[in-house]
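Report on the following structure.
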Amino acid sequence: MIEFKNVTKTFTTKDGDVTAVSDVNLNIDDGEIYGIVGYSGAGKSTLTRMLNGLETPTSGEIDINGDPITALSGPELRKKRQKIGMIFQHFNLLWSRTVIQNIMFPLEVAGVSRSDRKKKAQHLVDLVGLTGREHSYPSELSGGQKQRVGVARALANDPEILISDEATSALDPQTTDEVLDLLLEINKKMNLSIVLITHEMHAIRKICDHVAVMDDGKVVEQGTVFNVFRNPKKQITKRFVSEEVDPALTDTNSIVEDLIKSYPDGTIVQLVFHGDQAKLPIVSEMIHKFPKLEVSIIEGSIHQTQEGSIGSLYLQINGDKESLDGALDLLKKMHVETEVIHHD
Numbered sequence: 001m002i003e004f005k006n007v008t009k010t011f012t013t014k015d016g017d018v019t020a021v022s023d024v025n026l027n028i029d030d031g032e033i034y035g036i037v038g039y040s041g042a043g044k045s046t047l048t049r050m051l052n053g054l055e056t057p058t059s060g061e062i063d064i065n066g067d068p069i070t071a072l073s074g075p076e077l078r079k080k081r082q083k084i085g086m087i088f089q090h091f092n093l094l095w096s097r098t099v100i101q102n103i104m105f106p107l108e109v110a111g112v113s114r115s116d117r118k119k120k121a122q123h124l125v126d127l128v129g130l131t132g133r134e135h136s137y138p139s140e141l142s143g144g145q146k147q148r149v150g151v152a153r154a155l156a157n158d159p160e161i162l163i164s165d166e167a168t169s170a171l172d173p174q175t176t177d178e179v180l181d182l183l184l185e186i187n188k189k190m191n192l193s194i195v196l197i198t199h200e201m202h203a204i205r206k207i208c209d210h211v212a213v214m215d216d217g218k219v220v221e222q223g224t225v226f227n228v229f230r231n232p233k234k235q236i237t238k239r240f241v242s243e244e245v246d247p248a249l250t251d252t253n254s255i256v257e258d259l260i261k262s263y264p265d266g267t268i269v270q271l272v273f274h275g276d277q278a279k280l281p282i283v284s285e286m287i288h289k290f291p292k293l294e295v296s297i298i299e300g301s302i303h304q305t306q307e308g309s310i311g312s313l314y315l316q317i318n319g320d321k322e323s324l325d326g327a328l329d330l331l332k333k334m335h336v337e338t339e340v341i342h343h344d
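Take the sequence shown: its position 321, counting from 1, is numbered 321 in the UniProt record's numbering, and each next residue is one higher.
What follows is the structure, given as structure tokens:
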């Protein structure tokens, strides 16, 4: 487990003190993928540097599996860092070394014998899907392949924690998904804790279990990815979520006016559903039980998280009041969140 306990980091500059991280409290369980999302300047990088001991908190404590990394120094700190793998945005590969030599490098630094280094590196080459490219140089690889080398190198010393620091932000969407799928596969196979630092909510939604949203050095919101997507509370969180999913899930005001103009007749109903609710035959059930109603789907979307589906659906319903009330009651019994946003 990783614990941030009231962690604050203040830098002293010629223009005065600057607080980069303020009173952060986080608990990251063993074997989970924990996302930390924020825009540039939110404090993510400083938090990362404190986690691997490159910066010392001004106040507070960071514990890794019960050991306060903030109290370590010298050989003890270097030994602990060997158990923290890092994946970087710009790969940080040695361009004069081949794929397998790059992966062997941290093992060489750790004093592992050459035969054991080569055996371990070959296993990691296979694990990250680079079999056959062992003797290629970084200049001969695509961006996604370079990042796979970075992932393999980060795993070389059998880390307790893997930190991914904006590892997909320099990649195209398809390659991003491939690297994220690789991280998820590694997490499942090795039960490895992964801390994913990013400004992309897509990465959070796709592979993370929990997420913390940072703004101006503070954690302003945290929880399971499912719950944060389902019910974001802070405005910055709503902004992040709306960049990835239908804005209707976070801010109905943004589209209600347009829907009313386009569909002035009848009743417009918004449904928000989660998990297995996405599989329910909601519309067909309504039409079957209330045949006098005319039901049209006018907008909808479904997105997947590690915990389940989350989606929204807008319906235009025309019909008598008794049937409409019955349909709304049916939705309530099906435990589907329902809001009448316009009634003619």
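Yeah, the Cβ is synthetic: ideal placement off N, Cα and C, and Gly gets one too.
Can you tell me whether residue i is buried or exposed? The criterion is at least 16 other CB atoms within 10 Å of its CB, across all chains shown.
i              : result
arginine 78    : exposed
aspartate 158  : exposed
serine 96      : exposed
leucine 94     : exposed
methionine 201 : buried
serine 113     : exposed
asparagine 191 : exposed
asparagine 102 : buried
histidine 288  : exposed
leucine 54     : exposed
threonine 70   : buried
tyrosine 39    : exposed
valine 109     : exposed
histidine 210  : buried
Residue i lies in the alpha helix (DSSP H); which residues open and close that run?
i             : result
aspartate 177 : 173-190
threonine 237 : 235-244
leucine 330   : 321-333
valine 336    : That residue, valine 336, is in no alpha helix (DSSP H); it is neither H nor E in DSSP.
leucine 51    : 44-51
lysine 206    : 201-207
glycine 144   : 143-154
Provide the residue span of the beta strand (DSSP E) that contains residue i, from first to last.
i              : result
lysine 218     : 218-224
glutamate 294  : 294-305
glycine 311    : 308-318
glutamine 270  : 267-274
methionine 214 : 210-215
glycine 35     : 33-37
lysine 9       : 2-13
Could you work out which residue in the options is closest to residue i when comparing CA atoms only?
i              : options                           : result
isoleucine 297 : Met286, Ile236 and Leu171         : Met286
asparagine 227 : Val283, Ile186, Ile197 and Val272 : Val272
leucine 47     : Val24, Asp344 and His342          : Val24
histidine 258  : Asp216, Lys120 and His342         : Sequence check: residue 258 is aspartate here, not histidine. Measuring from the Cα of aspartate 258, the nearest candidate turns out to be His342.
leucine 196    : Ile207, Ser164 and Thr175         : Ser164
histidine 274  : Gln304, Pro264 and Ser242         : Gln304
lysine 279     : Ser309, Ser22 and Met50           : Ser309
glutamate 244  : Gly266, Lys83 and Val37           : Val37
valine 295     : Leu72, Ile186, Glu307 and Leu313  : Leu313
serine 193     : Thr175, Leu155, Asp172 and Lys206 : Leu155
Does residue i get closer than 8 Å to chain C when you measure Cβ to Cβ?
i             : result
tryptophan 95 : In summary, chain C is missing from the structure at hand, where a single protein chain is found.
- Task: Could you tell me which uninterrupted beta strand (DSSP E) segments, each at least 3 residues in length, are contained entirely in the stretch 59-137, listed from first to last along the chain?
- Result: 59-64 and 84-87
- Kindly confirm or deny that the stretch 55-72 and the stretch 138-146 touch, where touching means at least three C-beta pairs closer than 8 Å. no
- At least 3 beta-carbon pairs within less than 8 Å: the stretch 179-189 vs the stretch 214-232: no
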